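Student: Chains as they are written, first to last, in the numbering used here: chain A, 1 to 114; chain B, 1001 to 1110.
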Amino acid sequence: EAGVTQFPSHSVIEKGQTVTLRCDPISGHDNLYWYRRVMGKEIKFLLHFVKESKQDESGMPNNRFLAERTGGTYSTLKVQPAELEDSGVYFCASSQVPRWTEAFFGQGTRLTVV
Amino acid sequence: RKEVEQDPGPFNVPEGATVAFNCTYSNSASQSFFWYRQDCRKEPKLLMSVYSSGNEDGRFTAQLNRASQYISLLIRDSKLSDSATYLCVVFGGATNKLIFGTGTLLAVQP
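1. I need the boundaries of the beta strand (DSSP E) containing A/N126, first residue and last residue.
2. Between the beta-carbon of B/T1024 and the beta-carbon of B/Y1070, is there less than 8 Å?
3. Going by beta carbon distance, what residues of the same chain come within less than 7 Å of A/Q55, once the five residues before and after it are set aside?
4. Spell out whether any CB of chain B is found under 8 Å from the CB atom of A/F7.
5. Using alpha carbons as the reference points, say which of B/M1048, B/V1090, B/G1009, B/F1021 lies closest to A/I43.
6. List the whole-angstrom C-beta distance separating A/Q107 from A/S9, where the pair is believed to meet the contact cut-off of C-beta under 8 Å.
7. In or out: A/T70 buried (at least 16 other Cβ within 10 Å) or exposed?
8. In chain order, what residues of the segment 18-37 of chain A put their CB closer than 9 Å to some CB of chain B?
9. Tell me whether the beta-carbon of B/L1106 lies closer than 8 Å to the beta-carbon of B/D1082.
10. Taking just the CA atoms, how far does A/T112 sit from A/V12?
11. Please check if any C-beta of chain A sits within less than 8 Å of the C-beta of B/F1021.
12. In terms of residue numbering, what span does the beta strand (DSSP E) encompassing A/H116 cover?
13. Mind checking which residues open and close the beta strand (DSSP E) that includes A/D86?
14. Would you identify the three-state DSSP class for B/D1077, choosing helix, strand or coil?
15. So, using beta-carbon positions, are B/S1026 and B/E1003 closer together than 8 Å?
16. Using a beta-carbon distance below 8 Å, is A/Q115 in contact with chain B?
17. Would the beta-carbon of B/S1030 fall within 8 Å of that of A/T101?
18. Starting from A/T70 and walking both ways along the beta strand (DSSP E), at which residues does that stretch end?
19. Please report the Cβ distance between A/S95 and A/N31, rounded to the nearest whole angstrom; I am assuming they are in contact, meaning their Cβ atoms lie under 8 Å.
20. Show which residues of chain B have a CB atom less than 7 Å away from the CB atom of A/T101.
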């Protein structure tokens, strides 16, 4: 069974550009989470989807970040315009039910804004 | 104050050593507790859940002290393959999300 997959694995963009990250959860998983790790800091929650609905987006840093999950399958996280402080590793995780013993993380997208 | 505090290390230990990691959390309403393992440039993976009664999985023993809001992980007979970052993770009190510590780096030396 395929795990959580994220695209791209790496992205280097200039400040002011737009980047879209994609997450394909494990098939059948209704819960999808985005997390981010900025250099030297802990992994932090960004938002949580249940199917196509945003359950909790309290961790989104500002309105330059837009997450979508059309149809309740894959999700995208767009950063527009990107700033230097957005650099970090963006992780996606999914679970069938909201129990963390059954959640799996993707390998992450390493974003570098220069 | 961070919600989950860990000693970042690094912990450099020889093969076969016993090593212990500690973690404290600030939200007394936290419900569930975990240790995750993260290898360099990889995703975090669940190592084990942590229960008040203590739980053991092979060479790994986890313990939770709710009164002190303290979590521990003990690794016995360290292997080279145990080298990784160990993340203390708490399931937030009223919210359905994980709160991560910064992680403790373990390097097991031959």
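C-beta atoms are modelled at their ideal positions from N, C-alpha and C, and glycine is treated no differently. Quantities reported herein were computed from a predicted structural model and do not represent experimental measurements.
Tutor: This is what the structure holds:
1. What is shown of chain A runs 1 to 114, which leaves residue 126 of chain A out entirely.
2. For this step, residue 1024 of chain B is matched to residue 24 along the second sequence. For this step, residue 1070 of chain B is matched to residue 70 along the second sequence. Contact: yes.
3. Taking the first residue of the first sequence as 1, we reach residue 55 of chain A at position 55. Counting only Cβ-Cβ distances below 7 Å, and skipping sequence neighbours, we find H48, F49.
4. As a position in the first sequence, residue 7 of chain A is number 7, starting the count at 1. It does not; no Cβ of chain B falls within 8 Å.
5. As a working mapping, residue 43 of chain A is identified with position 43 in the first sequence. It is B/V1090 whose Cα lies nearest to the Cα of A/I43.
6. Reading the first sequence from its first residue, position 107 is the one you call residue 107 of chain A. Reading the first sequence from its first residue, position 9 is the one you call residue 9 of chain A. Correct: roughly 7 Å between the Cβ atoms.
7. Your numbering for residue 70 of chain A matches position 70 in the first sequence. Label assigned to A/T70: exposed.
8. N31, Y33, Y35, R37
9. Against the second sequence, residue 1106 of chain B aligns to sequence position 106. Against the second sequence, residue 1082 of chain B aligns to sequence position 82. Against a cut-off of 8 Å, the Cβ pair of B/D1082 and B/L1106 comes out as a contact.
10. Locating residue 12 of chain A in the first sequence gives position 12, where the first residue counts as 1. Locating residue 112 of chain A in the first sequence gives position 112, where the first residue counts as 1. The alpha-carbon atoms of A/V12 and A/T112 are separated by roughly 5 Å.
11. As a first step, residue 1021 of chain B is located in the second sequence; it is residue number 21 there, counting from the start. By this cut-off, B/F1021 is not an interface position.
12. Nothing about residue 116 of chain A can be reported from this structure: the residues present for chain A run from 1 to 114 only.
13. Locating residue 86 of chain A in the first sequence gives position 86, counting from the first residue. Segment: none, A/D86 is in no beta strand (DSSP E) and carries neither H nor E.
14. For this step, residue 1077 of chain B is matched to residue 77 along the second sequence. B/D1077: coil per DSSP, three-state reduction.
15. As a working note, residue 1026 of chain B is residue 26 in the second sequence. As a working note, residue 1003 of chain B is residue 3 in the second sequence. Yes; because the gap between Cβ atoms is below 8 Å, this pair is in contact.
16. Here chain A has residues from 1 to 114 only, and residue 115 of chain A is not among them.
17. In the second sequence, counting from the first residue as 1, residue 1030 of chain B sits at position 30. In the first sequence, counting from the first residue as 1, residue 101 of chain A sits at position 101. Contact flag unset, no.
18. Locating residue 70 of chain A in the first sequence gives position 70, counting from the first residue. It is not in any beta strand (DSSP E) - A/T70 carries neither H nor E in the DSSP assignment.
19. In the first sequence, counting from the first residue as 1, residue 95 of chain A sits at position 95. In the first sequence, counting from the first residue as 1, residue 31 of chain A sits at position 31. The Cβ separation is near 5 Å, so the contact holds.
20. Residue numbering aside, residue 101 of chain A sits at position 101 when the first sequence is read from its first letter. Those are L1046, S1049, listed as they occur along chain B.
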